[in-house]
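As numbered in our numbering, residues 246 to 509 make up the sequence shown, in order. Virtual Cβ for every residue (Gly too), placed ideally from N, Cα, C. First up is the structure itself, then whatever we jot down about it.
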Amino acid sequence: MRLILSLTPALAFVLAATASAQGSAGTDAGTGADTGTDTVAPTDTVAGTVAATDPLRPKIAVVVAGDPDDSLRATASQIEQECAGAGLRTPADSTLRAALRGEVGSEDDGLEGLRSIRRSLGVDPRKDLGSYKRLATIAGADALVVLRREGTIKLEVFDASASQFYEGLLEVDDTTPEERTHYIVRRAKTAQQRWQEDPNAAGAQIDATAKATDETEKKRWIKKAWPYFIVGALLAAGVTYLIVDGRRTNEPGPPLLRFRPGDE
246 MRLILSLTPA LAFVLAATAS AQGSAGTDAG TGADTGTDTV APTDTVAGTV
296 AATDPLRPKI AVVVAGDPDD SLRATASQIE QECAGAGLRT PADSTLRAAL
346 RGEVGSEDDG LEGLRSIRRS LGVDPRKDLG SYKRLATIAG ADALVVLRRE
396 GTIKLEVFDA SASQFYEGLL EVDDTTPEER THYIVRRAKT AQQRWQEDPN
446 AAGAQIDATA KATDETEKKR WIKKAWPYFI VGALLAAGVT YLIVDGRRTN
496 EPGPPLLRFR PGDE
């Protein structure tokens with residue numbers, strides 16, 4: 246009994262030392278993890294730069310539709326910077342970006358065709374879907390951020406893979422940079438996902454659906470039209486009979502001998 250009592254303080258001391266060592270190890274591990282995170286994690290500026298150069302990030306291009314006045318061009322340049330800061334990629338060629346904004350360039354830069362397409366863009370973007378598709382192809386963009394002036398500056402996003410505009414407009418003057426980038430980034434990511442889908446499978450599915458739809462429409466049309474086919478066939482048969490019968494009636498018969506009394 247005395248031996249147990251004499252060993253109790255020693256056991257308590259050993260247990261306390263063990264707990265203290267475990268706590269120190271946990272603290273050191275946590276400190277190491279925090280230190281590693283602080284050391285490795287980039288700042289906001291570096292993160293934006295890395296994201297903007299990441300080939301897996303969506304790529305956009307800013308286009309000015311209509312007359313590119315100074316205000317529109319300045320707004321386009323600002324939104325381009327906002328998108329790059331949000332991690333979206335933009336065309337690497339600064340001359341190409343300037344041409345899409347409507348900036349005046351030199352004749353030997355090879356972008357006169359692009360400028361001509363941009364000048365042809367009208368007020369109603371839905372009538373120029375082919376032109377927007379060509380601009381997106383030239384810029385290598387998943388989506389186009391289109392700016393035009395209708396009293397105020399309006400912003401829309403064109404999906405290059407679907408060759409369609411997303412629903413909804415943004416009034417640039419009534420929105421914050423955060424609201425604009427949130428609006429653009431979501432649509433650009435969706436546009437990029439369309440490109441990543443298997444085009445052959447999508448095309449086959451579209452063809453199969455189109456064929457099934459055509460066959461269904463044909464069956465419905467035949468089901469509705471068959472009585473008219475029967476009536477038409479009966480009418481044709483009746484008309485043919487009348488024509489043939491009329492021809493038989495009008496044919497002259499064989500000549501007859503006429504008997505006249507007193508004639509020899």
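In terms of Cβ geometry, leucine 415 and valine 309 do not form a close pair [threshold 8 angstroms]. Alanine 386 carries a coil assignment under DSSP once its states are collapsed to helix, strand and coil. Beta-bridge partners assigned by DSSP to phenylalanine 410: Phe403. When the alpha-carbon of isoleucine 362 is set against those of Thr382, Ser376, Ala384 and Thr435, the nearest one is in Ser376.
Your pair leucine 317 and valine 430 does not check out as a contact, with CB atoms roughly 22 angstroms apart and the cut at 8 angstroms. Restricting attention to Glu442, His427 and Leu389, the CA atom closest to the CA of phenylalanine 410 is found in Leu389. Between alanine 381 and the set Val476, Lys304 and His427, the nearest pair of CA atoms involves Lys304.
One thing to note: leucine 356 has its Cβ no nearer than 8 angstroms to the Cβ of alanine 337. If you draw a straight line from the Cα of aspartate 387 to the Cα of tryptophan 440, it is about 8 angstroms long. In the three-state reduction of the DSSP assignment, arginine 393 falls in the strand class, which pools E and B. A distance of 8 angstroms or more separates the beta carbons of glutamate 327 and arginine 432. In this structure, the CA atom of valine 417 is about 10 angstroms from the CA atom of isoleucine 324. Following the DSSP letters along the chain, one finds alanine 343 inside the alpha helix (DSSP H) bounded by residues 339-345. Taking 8 angstroms as the cut-off, the Cβ atoms of glycine 311 and valine 402 do not count as close.
If the five residues before and after valine 489 are omitted, its C-beta is found closer than 6 angstroms to no C-beta atom of its own chain.
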